[in-house]
Structures are given as structure tokens and as C-alpha cells.
Amino acid sequence: MRQTIRRLTIWSVVGVTMGLISHGLVLAAQDQKPAERDPARWDKDIAAFEHWDARNTPPRDGVLFAGSSSIRMWPTATAFPKLTVINRGFGGCFISEVNHFFDRVALPYKPRVIVFYCG
176 MRQTIRRLTI WSVVGVTMGL ISHGLVLAAQ DQKPAERDPA RWDKDIAAFE
226 HWDARNTPPR DGVLFAGSSS IRMWPTATAF PKLTVINRGF GGCFISEVNH
276 FFDRVALPYK PRVIVFYCG
């Protein structure tokens with residue numbers, strides 16, 4: 176019983192902490208200028224994906240990881256060695272920017288599953 180309560184307490188603290196962090200991120204995002212949300216700022220990153228794809232055979236029917244820097248910096252191939260993974264995380268992007276590039280960072284791979292995180 177004590178272990179259960181301890182686990183619930185730990186998860187409650189984690190949940191509250193994540194909630195506070197998320198709230199801070201939302202407030203920070205609201206303060207950003209429209210120019211900072213311009214999808215064109217990611218043109219070089221997207222072009223680099225396309226350049227790699229032109230020189231290699233992009234995997235199909237894999238697990239596509241898409242989103243912001245949390246995805247970009249995650250060593251997905253190492254974390255999921257038994258899966259065919261494609262990492263298409265870029266910078267500190269916003270959901271609207273991932274949507275803007277969706278046909279270039281997701282559709283060409285015909286993924287079986289998309290793991291998305293932005294924020």
C-alpha cells in the first residue's frame with residue numbers, strides 16, 4: 176500500500192511539474208512575434224531532408240518521428256533498434272510549421288505510424 180501511494184505521489188509531482196512547464200511554454204509562445212513563426216525559417220532544414228532522401232532510399236512503412244527539437248535531438252534509431260524509424264524533427268518549430276511541411280516531411284515515406292511531439 177505504501178509503495179502504491181509513493182508511486183502515485185511521484186507521478187502527481189511529475190504531472191504538476193509537466194503542467195507548469197507546459198503552461199510556461201504556452202505563455203512564451205504567445206509572446207513570440209509573427210516573424211518567429213514564419214515556416215520559411217525551416218526551408219534549409221527541410222531541404223536537407225530532401226537532399227538526404229535524393230541520395231538514399233527513404234524507408235517506407237516505418238515509424239515517422241516528427242516535431243520540434245525534442246524529436247530532432249532524440250536518437251530514435253538507437254532508442255528503437257528493431258523498428259524502421261525516420262526522424263524528421265526540426266528546430267523549435269510550432270505545430271503550424273509541421274503542418275506547413277507535412278507533405279514534404281511525412282507523406283513521401285508513407286509511414287505506418289507517426290509519432291508527433293511539438294512544444
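Using this note's numbering, the first residue of the sequence shown is number 176, and each one after it goes up by one.
Glycine included, C-beta positions come from ideal geometry on N, C-alpha and C.
Remember, predicted model here, so these are calculated numbers, not experimental data.
Identified DSSP bridge partners for Tyr292
Answer by DSSP bridge pairing, in chain order: Gly242.
Verify whether the separation of the beta carbon atoms of Gly242 and Tyr292 is less than 9 Å.
Less than 9 Å separates the beta-carbon of Gly242 from that of Tyr292.
Can Val273 and Leu239 be called in contact, C-beta distance under 9 Å?
The answer is no: Cβ separation not under 9 Å.
Please state whether DSSP places Ala281 in a helix, a strand or coil.
For Ala281, the three-state secondary structure derived from DSSP is coil.
Where do the N-terminal and C-terminal ends of the beta strand (DSSP E) with Asn262 fall, by residue?
Taken as a continuous stretch (DSSP letters only), the beta strand (DSSP E) holding Asn262 covers 260-264.
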